[in-house]
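Residue numbers (our numbering): 2 to 117.
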Ligand SMILES: [Zn+2]
């Protein structure tokens, strides 16, 4: 699956991104899309109390889920933050996660058809 995702992303990546990086990004995108771990800051509630009022959780930005920051992903891939922002971020967020959520939808539909 990661290989397929990397291949499909190839034409969207710039020449600065090599095959290993593409594969690494595909793995990260898959991990992110499968992650159902709760945000540790708000415990999955999506909001936190400041003592006076409730605010949208700043850590998960209201999703309630833990997701890695760009800095963490850049470190994991061994690239600079600038490189990550310029070459990787849009690929992972706009393309790879989109492809993966389509997969999820297809899987869901296939299951539903079998159940009903
Ligand atoms: Zn949170």
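Backbone N, C-alpha and C fix where the C-beta goes; we use that ideal spot for every residue, glycine too.
Of the residues 18, 88, 50 and 47, the one whose Cα lies closest to the Cα of residue 71 is 88. Taken through DSSP and simplified to helix, strand or coil, residue 15 comes out as coil. Under the three-pair Cβ rule at 8 Å, the stretch 5-14 counts as touching the stretch 23-34. Within the DSSP bridge table, the entry for residue 66 names 39 as partners. In this structure, residue 34 lies away from residue 107, with their beta-carbon atoms at least 9 Å apart. Bridge partners of residue 49 according to DSSP: 56. Nearest C-alpha to residue 57 among 65, 48 and 64: 48. No heavy atom of ligand 1 is found nearer than 8 Å to the CB of residue 106. Near ligand 1, meaning a Cβ closer than 5 Å to any of its heavy atoms, lie the following residues in chain order: 40, 42, 43, 58, 60 and 61. Counted as a single uninterrupted DSSP element, the alpha helix (DSSP H) harbouring residue 76 occupies residues 71-78.
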